[in-house]
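So the sequence lines, in the order shown, correspond to chains A and B. Taken in order, the first sequence gives residues 831 to 1137; the numbers are from our numbering. Taken in order, the second sequence gives residues 7 to 391; the numbers are from our numbering. Backbone N, C-alpha and C fix where the C-beta goes; we use that ideal spot for every residue, glycine too.
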Amino acid sequence: MEFFQAFANMTAASFAQHMANGISLGSLYAMIAIGYTMVYGILLMINFAHGDIVMMACYFAFFGITVFHIPWFMTFIGTIIATALLGVVIERAAYRPLRDAPKNSVLISAIGASFLLENLANYLFSGRPMRFPDIPLLSQNIAVGGGVQIQAICFVIPVITIISLVVLLHIVNHTKTGMAMRAVSKDYEIARVMGINIDNVISITFAIGSAMAAIGAIMWGIRYPGITPMLGVMPGLKCFVAAVVGGIGNIKGAVLGGFILGLGEILIVAFFPQLSGYRDAFAFIVLILILYYKPTGLLGETTTEKV
Amino acid sequence: MRVKKFFAAMLVSAVALTLLAGCGGSGAKSGGADAKTVKVGVFLPLTGDNAAGGELELRGIKLANKLYPEINGKKIELVVADNKSDKAEAANVAARLIEKDKVKVILGSYGSSLAMAAGNIVKEAKVPAIGTSCTNPQVTLNNDYYFRACFIDPFQGTVMANYAFKKGAKKVAIVQEVSNDYAVGLAKFFKDAFEKLGGQVIEVANYQTGDKDFTAILTNIKAKNPDIIFAPGNFTESALLIKQARQLGIKAQFMGGDTWETQEFIDVGGKDVEGIAFSSAFDRERATTAEAKKFMEAYKKEYKGEPSAFNALGYDAYMIAYDAMKRGGTDDSTKIRDAIAATKGLELVTGKTEFDKNGDPLKGAVIKTVKDGKFKYIDFVDVKH
């Protein structure tokens, strides 16, 4: 019975606080998971460097504000553009030469790109943690009442995530570029034959995915302000899990997966404090269960493998 | 195969050479147990990865030797040996100090693995060794001949429990970095000591190295309203933990261990880490004993700078040996060992010292805080013996 004691003792205020924490963590996961799912949708590959793109975006923002003293909103726009470019460059350098190589080669190349970024950051910025610049407008506390305190950024994160999702869905479903993306993701050989410049479409996909990662990274930095070269590793893994849980290749699925993971991690500690050391395991247990019962993920479609 | 044979040949010749050197050495010195000097071995890494720490401690030892050069009418001669920050080398060097140089007592090392490499050698030769800053509990465990001047890592937990209790805390929560031996050790000792003093530990929460989000465990803790939160762990995680606690409106004071004493802790934590408290071995802002004042003055004169904790621990290791020889009135190794074990209320630079059954010192620690973005001394806690 003692195991369930936390249920009985949970006050409304505590529960509200846990929910706020969980939603903001889930939104962050969702933003980063979108990048994984888009690349997978188009190239059928897992971009292992995605977590490290998040890390680089944090450093871009850090250098913009703390070192070069550029106003924060301009830095953020610059960070998003720079990160999108970084994504495109990585695709061009590490994945494009392997376009017609076996899938495994691209996967290995992605792992290589990830290590390269981590070690480059370690070399350039040193391993000592740096503090993400403080933006008082976003990091201030708002007392909601009943003893619940919520950081302003926690309101901003879900809103930005939802706006990004809506914009992205519009691009994918209602624009010409989006149509080309969908065509490439269905069958890129045929898309190529039909006159679609698939290299361009893939570049755009990487740019959008990385821009999403940058937005996620900025919000991540404000919420958890210690940045290190290894910062992207764990979020990268978790968001990959989120993308798979939601159905990899499906953008709405990635957002759903992100929320499930973020809320789940917080609530498992809320209701079972004894398990606080095992919360990382939660993400991976969810992954195993989903893969076992619904291998295509919650919103994933079953497709028959073309030969 | 060839490579293996080559290494085997190298090994055999190395052993042979060591043996020869050993024989030659003892041969030359036979009958040379000089009646006018007592030899004290200094066993420190003076080259290699740990050279910086070893060098600091050597300064402390040399300074003590300068201030206290004689014992029982004999001159104390330091035999300085470099263990090269290398475990294999450390074992050789320790054997050489004992076999060839016939030292009566050994001081050092910086670095637990180096000290452990010498563990069995001093134990079998029955020559006492006093570690300077080797903090791993394994160094002195099951070894009657190894002592140390520094406190072991988990001992800080006891110190902080005493401090928390002294500050009037009744209910504490513990948040530990569960994947880190250091943090778990501190947390366990804190819990044992705090409960023994009559306090109550209302929650023990865990997190993993590398975690960024602590809001869930902190929200749980907030509901229980502890007086103090003891959160030993890595400085980056700890700084984020404290930041998030303040965001959630937790007002309780945070306490931790000496890992917090890095600039990064203040950089990441910013104004949120102001007012925390943690334990440390030594602080130059306040000399707590008469010996410390003497040490500080002599150090400034000799080296034209401010002493660090490593200087102090080197000095103290020498003083423990000196005190034992003085009380024992002898330079017989076994008797020195017994005298060290019987050390009582010895005033050293880093506090009043005596040893527990493992050979680890029971002594006070300084408590520091962060004020205006700087580490600041606030208190000294003596542990009840």
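| request: Tell me whether the beta-carbon of residue 319/B lies closer than 8 angstroms to the beta-carbon of residue 119/B. | output: no
| task | Using a cut-off of 7 angstroms between C-beta atoms, extract the partners of residue 991/A located in chain B. | result | Chain B residues near residue 991/A: none, gap ~16 angstroms exceeds 7 angstroms.
| How about the segment 874-881 of chain A and the segment 1081-1090 of chain A: do they share at least three Cβ pairs that are nearer than 8 angstroms? | The segment 874-881 of chain A is not in contact with the segment 1081-1090 of chain A.
| message | Give me the residue from 1068/A, 1060/A, 1079/A, 902/A with the minimum Cα distance to residue 1110/A. | response | 1068/A
| request: Select from the segment 843-871 of chain A all residues with a C-beta closer than 7 angstroms to any C-beta belonging to chain B, and list them in chain order. | output: Residues 844, 847, 848, 851, 855.
| said: So the candidates are 343/B, 387/B, 374/B; which of them puts its Cα closest to the Cα of residue 113/B? | reply: 343/B
| query | Which value, in whole angstroms, describes the spacing of the CA atoms of residue 378/B and residue 267/B? | reply | 15 angstroms
| request: Mind listing the chain A neighbours of residue 276/B? Cutoff is C-beta to C-beta under 9 angstroms, in chain order. | output: The contacting residues are 961, 964, 1055.
| task | Check whether the Cβ atoms of residue 1104/A and residue 253/B sit closer than 8 angstroms, and answer yes or no. | result | no
| request: Note down, in chain order, each residue of its chain lying with its Cβ closer than 7 angstroms to the Cβ of residue 364/B, except the 5 sequence neighbours on either side. | output: 146, 147
| request: Check whether the segment 175-188 of chain B touches the segment 203-220 of chain B, taking contact to mean three or more Cβ pairs, one atom from each stretch, closer than 8 angstroms. | output: yes
| message | Any beta carbon from chain B within less than 8 angstroms of residue 1135/A's own beta carbon? | response | The predicted position of residue 1135/A is uncertain, since its pLDDT is 48 and thus under 50; no value can be drawn from it.
| request: Report buried or exposed for residue 1115/A, applying the criterion of at least 16 other Cβ atoms within 10 angstroms of its Cβ. | output: Residue 1115/A should be labelled exposed.
| query | Between residue 28/B and the rest of its own chain, which residues show a CB-CB distance below 8 angstroms, the 5 nearest in sequence each way excluded? | reply | Unreliable placement is indicated for residue 28/B, whose pLDDT of 45 sits below 50; the coordinate value is still reported in the next sentence. Cβ neighbours of residue 28/B beyond the five flanking positions: 101, 102, 105, 106.
| said: Please report the distance separating the alpha-carbon of residue 1028/A from that of residue 1014/A. | reply: 7 angstroms
| field | Under 9 angstroms from the C-beta of residue 218/B: neighbouring residues of chain A | value | 1050, 1053, 1054, 1056, 1061, 1064, 1065
| query | So is residue 868/A buried or exposed if we call it buried at 16+ other beta carbons inside 10 Å? | reply | Its Cβ being crowded by 16 or more others within 10 Å, residue 868/A is buried.
| request: Determine whether the Cβ of residue 831/A lies closer than 8 angstroms to any Cβ atom of chain B. | output: Bear in mind that a pLDDT of 48 at residue 831/A, under 50, signals an unreliable position, so the number given afterwards is only what the model happens to contain. No, because no Cβ of chain B sits closer than 8 angstroms to the Cβ of residue 831/A.
| message | Given this structure, state the Cα-to-Cα distance separating residue 209/B from residue 179/B, to the nearest angstrom. | response | Each residue's alpha carbon lies about 5 angstroms from the other.
| field | Chain-ordered neighbours of residue 971/A on chain B, where CB pairs are closer than 8 angstroms | value | 253, 255
| request: Count the CB pairs spanning the segment 237-249 of chain B and the segment 258-272 of chain B that are closer than 8 angstroms, and state whether there are at least three. | output: yes
| Where do the N-terminal and C-terminal ends of the alpha helix (DSSP H) with residue 1003/A fall, by residue? | 982-1004
| C-alpha distance - residue 66/B paired with residue 77/B, whole-angstrom precision | 18 angstroms
| task | Find the residues of chain A that neighbour residue 378/B, judging by a C-beta separation of less than 7 angstroms, and give them in chain order. | result | The premise fails here: residue 378/B is roughly 17 angstroms from chain A at the closest Cβ pair, so nothing lies under 7 angstroms.
| request: Measure from the C-beta of residue 905/A to each C-beta in chain B and report whether the shortest distance is under 8 angstroms. | output: no
| request: Consider the Cβ of residue 1100/A: report whether some Cβ of chain B lies at a distance smaller than 8 angstroms. | output: yes
| Of all the CB atoms in chain B, is at least one closer than 8 angstroms to the CB of residue 1007/A? | No, because no Cβ of chain B sits closer than 8 angstroms to the Cβ of residue 1007/A.
| query | Is residue 1075/A helix, strand or coil by DSSP? | reply | In this structure, residue 1075/A counts as helix in the three-state DSSP scheme.
| field | Proximal residues to residue 1018/A (C-beta, below 6 angstroms), its chain only, five neighbours per side dropped | value | 1028
| said: Short of 8 angstroms Cβ to Cβ, which residues in the segment 203-214 of chain B face chain A? | reply: 209, 211, 212, 213, 214
| Mapping DSSP to helix, strand and coil, what is residue 929/A? | coil
| query | Taking the C-alpha atoms as reference points, what is the distance between residue 73/B and residue 115/B? | reply | Near 21 angstroms, if we compare the C-alpha coordinates of residue 115/B and residue 73/B.
| Minimum Cβ-Cβ distance from residue 1106/A to chain B less than 8 angstroms | Output row for residue 1106/A: interface = yes.
| Listing by chain order, which chain B residues have their CB less than 8 angstroms from the CB of residue 1103/A? | 209, 211, 223, 226
| query | Near residue 362/B, which residues of its chain fall below 8 angstroms by C-beta distance, leaving aside the five closest residues on each side in sequence? | reply | Result list for residue 362/B: 368, in chain order.
| query | Measuring CB to CB, does residue 2/B end up less than 8 angstroms from residue 84/B? | reply | No answer is possible for residue 2/B: it lies beyond the span of chain B, which begins at 7 and ends at 391.
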